[in-house]
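Visitor: Quick one: structure below, then a few questions.
Numbering (mature numbering (1 follows the signal peptide of the UniProt record, and there is no 0)), first residue to last: -27 to -1, 1 to 180.
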């Protein structure tokens, strides 16, 4: 009887341990939302903030969501070369001060909605924020401008559709015009309000 009870306790402990180990795995996945959902959250849920992780140039010259805080996850460099299909100026490695600066402005319990151009950099930044202890992190997966047209979640179909669109000179090929903050008609601006600018840029220059 005692032996059977002992085995039962061991099995229950193992099950509880497995459940406990599996719990944090789900917690380490940032929630995915679309721009229109992000806008609704900002409008209705207290302590909700939008973090724009694009470059300074994108934020200023392409425009940004109204009320979005600029915290670049990467910076634009002067390195010009071919990457993937096209020539372009390259982005830097991760901004080493990103987490430090975000932590100075927001609480770990705030709802942080992370947005970039198309959901790629924001996914990386959101994942890092979650691992750093921020509890409520969301990736705005359609981004500010949206994905390049055409787009598919399936990598093979994505490549195939892009080949077809390019070969047949489909209108809008390689343009960002089918989803994203701007596509939804959500409020955005070119105004550079110091309240939302990357904090180190507001510090007095060292002599």
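Using N, Cα and C, we set each Cβ at its ideal position, and we do this for glycine too.
From a predicted model like this one, the values you see are computed outputs, not experimental measurements.
Determine whether the Cβ of residue 20 lies closer than 8 Å to any Cβ atom of chain D.
Guide: Reference to chain D is not applicable here, since this structure consists of a single protein chain.
Visitor: For residue 91, count neighbouring C-beta atoms within 10 Å of its own C-beta (all shown protein chains included) and say buried if the count is 16 or more, exposed if not.
Guide: Buried: at least 16 other Cβ atoms inside 10 Å.
Visitor: Would you say the region 14 to 29 touches the region 37 to 50, given that touching needs at least three Cβ pairs under 8 Å?
Guide: The answer is yes - the region 37 to 50 touches the region 14 to 29, with three or more Cβ pairs under 8 Å.
Visitor: Excluding the 5 residues preceding and the 5 following residue -8 in the sequence, name in chain order all residues of the same chain whose CB lies nearer than 8 Å to its CB.
Guide: The pLDDT assigned to residue -8 is 42, lower than 50, so where the model puts this residue is not dependable, and the model offers no usable value.
Visitor: Could you tell me how far apart the beta carbons of residue 8 and residue 154 are, in whole angstroms, since I believe they sit closer than 8 Å?
Guide: Correct: roughly 4 Å between the Cβ atoms.
Visitor: With residue 194 as the anchor, note down where its beta strand (DSSP E) starts and where it stops.
Guide: Because the chain is modelled from -27 through 180, residue 194 falls outside the range shown and cannot be assessed.
Visitor: For residue 96, collect the residues of the same chain with a Cβ closer than 6 Å to its Cβ; drop the 5 residues on either side in sequence, then sort them by chain order.
Guide: The residues are 112.
Visitor: State buried or exposed for residue 30, treating a residue as buried only when at least 16 other CB atoms are found within 10 Å of its CB.
Guide: Exposed, since its Cβ has fewer than 16 Cβ neighbours within 10 Å.
Visitor: Which whole-angstrom value describes the C-beta separation of residue 152 and residue 115, a residue pair presumed to lie in contact below a C-beta threshold of 8 Å?
Guide: Contact holds; Cβ gap of about 4 Å.
Visitor: Based on DSSP bridge pairs, tell me the residues matched to residue 60.
Guide: Paired residues: 55.
Visitor: DSSP three-state call for residue 41: helix, strand or coil?
Guide: In this structure, residue 41 counts as strand in the three-state DSSP scheme.
Visitor: If distances are taken between C-alpha atoms only, which option among 158, 101 and 76 comes closest to residue 119?
Guide: Minimum Cα distance to residue 119 is reached at 158.
Visitor: Is it buried or exposed, residue 38, if we count other Cβ atoms within 10 angstroms and call 16 or more buried?
Guide: So residue 38 ends up on the buried side.
Visitor: Is it true that the CB of residue 171 sits closer than 8 Å to the CB of residue 43?
Guide: For residue 43 and residue 171, yes; Cβs fall inside 8 Å.
Visitor: Check this for me: beta carbons of residue 1 and residue 108, under 8 Å apart or not?
Guide: Against a cut-off of 8 Å, the Cβ pair of residue 108 and residue 1 comes out as no contact.
Visitor: Give a yes or no on whether the C-beta atoms belonging to residue 173 and residue 74 are separated by under 8 Å.
Guide: In this structure, residue 74 lies closer than 8 Å to residue 173 by Cβ.
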